[in-house]
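Residue numbers (my numbering): 1 to 349.
Have a look at the structure below, then the notes.
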Amino acid sequence: MMGCFFLIGVLAVFPCFGQEKAVETQTKQDKWYDRFEFSGLIEVEAGYGTVDFDAPNEETEENSDLDLATVELNVDVKIVDHVDGHVLFKYEEEDLFVDEGYILFSGSENRPFYVLAGKQYIPFGYFDTHFISDPATLVLGETNEGALVGGYHFGKERVDASVGLFNGRVNEIDSDDAIDNLVASVKVKPFENLELGVSYISNLASSDAFSEQMTREEGISSYVSGWGAFASFSFLDRFRLIAEYIGALDKFEAGEVYNSEDSVARKPAAWNIELGVAITDSLEAALKYEGSTDGDAGGGEFMPEAQYGAVINWAFLEKTTLALEYLHGEYADNFQTTETVTVQLAVEF
């Protein structure tokens with residue numbers, strides 16, 4: 001019910017674009033297929049990794065693989081003025097699914113607001129990276145849900161503020177399955193080379209990967225909200241610095257996450273710092289240092305306590321990239337140390 005009122009309230013602020021204008025726009029489209037745009041991505045990856053356990057009686061594990069990692073197909077369609085549709089089909093981990101599917105209502109130049117209704121990545125976190133592997137901040141915070149998000153651009157699009165509602169995949173015990181989760185975000189671009197942002201989510205446990213770390217099928221005792229902040233700074237024409245933090249604002253009860261027998265109340269957080277440099281127009285290198293607090297319960301269940309690495313990205317042909325990545329991860333309580341090397345061949349179209 002709250003989501004319905006939110007949708008009505010957001011759509012009520014739209015300017016009245018008459019049916020006459022919509023009909024006029026449609027007649028200008030000579031062919032229906034001219035309104036469609038297609039784009040996509042194919043990624044093939046090969047990797048080798050080791051897991052070295054601290055326990056002296058456990059041998060080091062080795063693993064390697066070569067496979068099709070990701071296929072994406074974006075379909076964007078112009079319905080009428082100020083109304084667009086978007087669908088993202090995705091193949092990943094041997095599954096084919098709709099990753100995104102939403103309707104976009106956009107305002108005019110004088111009223112630069114927008115509304116997204118449908119399955120989408122809600123505006124919590126930043127998650128940009130130079131690397132093949134996802135940053136720890138994304139692992140903790142990325143959330144893909146059916147949602148209603150409304151936003152507004154201020155100051156010639158230098159400020160983007162948005163707020164949204166969704167029904168998270170993790171509920172409170174004995175609560176209704178309802179649209180009662182909130183997300184909010186503010187991004188600021190004071191200069192062309194600097195972007196800053198903060199975001200909030202009322203139910204951190206509903207994020208994609210972290211929700212799988214909940215130990216009780218019936219839910220959690222109470223929602224734990226989360227917040228995030230990031231900065232992206234380009235300088236000296238060739239360098240780019242990315243820094244991001246995602247964390248819970250309160251603690252989960254002992255045994256609610258990672259391990260039901262855990263006696264510690266956990267307050268998970270993750271951070272990521274990267275520095276990239278464009279060596280040439282087609283060659284980029286980057287270093288990273290990332291980590292987490294309460295990223296697991298001492299058994300290597302989720303995120304490393306500290307991880308560093310390097311990557312080289314080579315665009316040797318147009319829209320074709322070859323990347324080589326190395327990561328060294330260390331888990332809490334010296335449970336395990338990981339070493340991974342990944343090679344990725346990617347094409348965009």
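Just so you know, even glycine gets a beta-carbon here, dropped at the ideal spot from N, CA and C.
- As the crow flies, the alpha-carbon of residue 70 is around 12 angstroms from that of residue 46.
- The three-state reading of DSSP puts residue 168 in coil, since its state is none of H, G, I, E or B.
- Beta-bridge partners of residue 241 (DSSP): 233, 275.
- Judged by DSSP in its simplified three-state form, residue 140 adopts helix.
- Secondary structure note for residue 61: its beta strand (DSSP E) is the uninterrupted segment 61-80.
- The shortest C-alpha to C-alpha distance from residue 313 to any of 280, 217, 108 is the one to 280.
- DSSP places residue 152 in the strand class (E or B) of the three-state scheme.
- Taking the Cβ atoms as the reference, residue 295 lies roughly 18 angstroms from residue 243, outside the contact range of under 8 angstroms.
- By the 16-neighbour rule on beta-carbons within 10 angstroms, residue 122 is buried.
- A Cβ-Cβ distance of about 11 angstroms is found for the pair residue 227 and residue 197, leaving them out of contact under the 8 angstroms criterion.
- Annotation: the stretch 86-132 contains the following complete segments of the beta strand (DSSP E) (minimum length 3 residues), in chain order: 95-106, 113-121.
- With respect to residue 215, residue 256 sits close: the two C-beta atoms are nearer than 9 angstroms.
- Comparing alpha carbon positions, the residue from 56, 136, 50, 59 closest to residue 290 is 136.
- Beta-bridge analysis with DSSP links residue 308 to 289, 328.
- In the DSSP assignment, the residues bridged to residue 266 are 252.
- Close CB contacts of residue 222 within its chain, under the 7 angstroms cut and outside five residues either way in sequence, are with 172 (chain order).
- Contact annotation: residue 349 and residue 42 have beta-carbon atoms nearer than 9 angstroms.
- The criterion of a C-beta distance shorter than 9 angstroms is satisfied by residue 245 and residue 270.
- Non-local beta-carbon contacts of residue 310 in its own chain, meaning distances under 6 angstroms to residues more than five positions away in sequence, involve 287, 326 in chain order.
- Around the beta-carbon of residue 238, fewer than 16 other beta-carbon atoms lie within 10 Å, marking it exposed.
- Distance check between residue 120 and each of 205, 107, 100 places 100 closest, using alpha-carbon atoms only.
- When rounded, the separation of the alpha-carbon atoms in residue 102 and residue 210 is 24 angstroms.
- Going by DSSP, residue 187 is part of the beta strand (DSSP E) stretching over 181-191.
- For residue 55, there is no enclosing beta strand (DSSP E), as DSSP marks it with neither H nor E.
- Taking residue 301 as the centre and dropping the five residues before and after it, the same chain places the C-beta of 258 closer than 6 angstroms to its C-beta, in chain order.
- When rounded, the separation of the alpha-carbon atoms in residue 40 and residue 74 is 6 angstroms.
- For residue 196, the enclosing beta strand (DSSP E) starts and ends at 194-201.
- Per the DSSP secondary-structure output, residue 336 pairs in a beta bridge with 53.
- Cβ contact annotation for residue 177 (same chain, cutoff 8 angstroms, sequence separation greater than five): 167, 171, in chain order.
- Around residue 146, the same chain offers 119 as residues with beta carbons nearer than 6 angstroms, after the five sequence neighbours per side are excluded.
- Excluding five sequence positions before and after residue 319, the CB atoms of its chain that fall closer than 7 angstroms to its own CB belong to 347, 348, 349, given in chain order.
- Out of 236, 63, 80, the CA that lies nearest to the CA of residue 193 is found in 236.
- Residue pairing from DSSP places residue 314 in a beta bridge opposite 283, 322.
- For residue 204, DSSP records no beta bridge to any residue.
- Residue pairing by DSSP leaves residue 215 without any beta bridge partner.
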